[in-house]
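Novice: For the sequence shown, position 14 matches number 14 in full-length UniProt numbering, and the numbering has no gaps at all.
Glycine residues also receive a C-beta, built at the ideal position from the N, C-alpha and C atoms.
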Amino acid sequence: MATVYDFDVKMPGGEMVSLKEYEGKPLVIVNTASKCGFTPQFGGLQSLYEKYKEDGLVILGFPCDQFNNQEFDDIKETTDFCQVNYGVTFPMFAKVDVNGDQAEPLFDFLTQEKKGLLSKKIKWNFTKFLVNQQGEVVERYAPQTNPEKIEEDVKKLLS
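(1) Given a threshold of 16 other Cβ atoms within 10 Å of its Cβ, counted over all protein chains shown, does T111 qualify as buried or as exposed?
(2) List the DSSP bridge partners of T32.
(3) Please state the DSSP three-state secondary structure of V98.
(4) Where E50 and V84 are concerned, what is the direct C-alpha to C-alpha distance, given to the nearest angstrom?
(5) My assumption, with CB atoms under 8 angstroms, is that V9 sits in contact with L27. Please give the rounded CB distance.
(6) Counting pairs of beta carbons, one from the segment 96-114 and one from the segment 70-81, are three or more of them closer than 8 angstroms?
(7) Kindly list the residues whose CB is nearer than 7 angstroms to the CB of G87, restricted to its own chain and excluding five residues on each side of it in sequence; keep chain order.
(8) Nearest to L130 by CA position, among E54, I122 and L157, is which residue?
(9) According to the Cβ coordinates, are N99 and F38 closer than 8 angstroms?
(10) Excluding five sequence neighbours on each side, which residues of the same chain lie with their C-beta closer than 6 angstroms to the C-beta of P63?
(11) Taking the alpha carbon of M92 as the reference point, which residue from A2, M16 and D6 has its own alpha carbon closest?
(12) On the premise that P105 lies in contact with T127, defined as a C-beta separation below 8 angstroms, what is that separation, rounded to the nearest angstrom?
(13) For L130, list the residues DSSP reports as bridge partners.
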């Protein structure tokens, strides 16, 4: 059976990394955007990360420009924005597509594992996927779900 650990993803500098690097840790994987109404969720994601990173939680941010061009063209501008405005220290990756022919294979996998309310397609920025320590997708959260609302599910995975 496939898991998220079977995927390689691109870092902002262009180098590829294996998600096996996070094996055994619970993950929150989220498609992000710097100029979106949900952008303040970076603060909540960072708080969640700081609170539980010592317990193993890792948040993985994937900037996406597929929804009304709400991401900077330059990935350096994106990562600087996240760090300066929201203190983001969790891993951020290269900009990806999450839907369509050019979709990042990881997001194809995530949406196959946990479909949305009406379809598997990601509808907007800040769709969040909770992954257990075995690399299995256990939950999907809508963009409007604030990170604070997923804390109880994170705590269950950590206990």
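Specialist: Let me lay it out:
(1) buried
(2) P63
(3) coil
(4) 16 angstroms
(5) 12 angstroms between Cβ atoms; not a contact.
(6) no
(7) Q46
(8) L157
(9) no
(10) T32, E71, T78 and K95
(11) M16
(12) Not really, about 16 angstroms apart at Cβ, beyond 8 angstroms.
(13) V28 and E139
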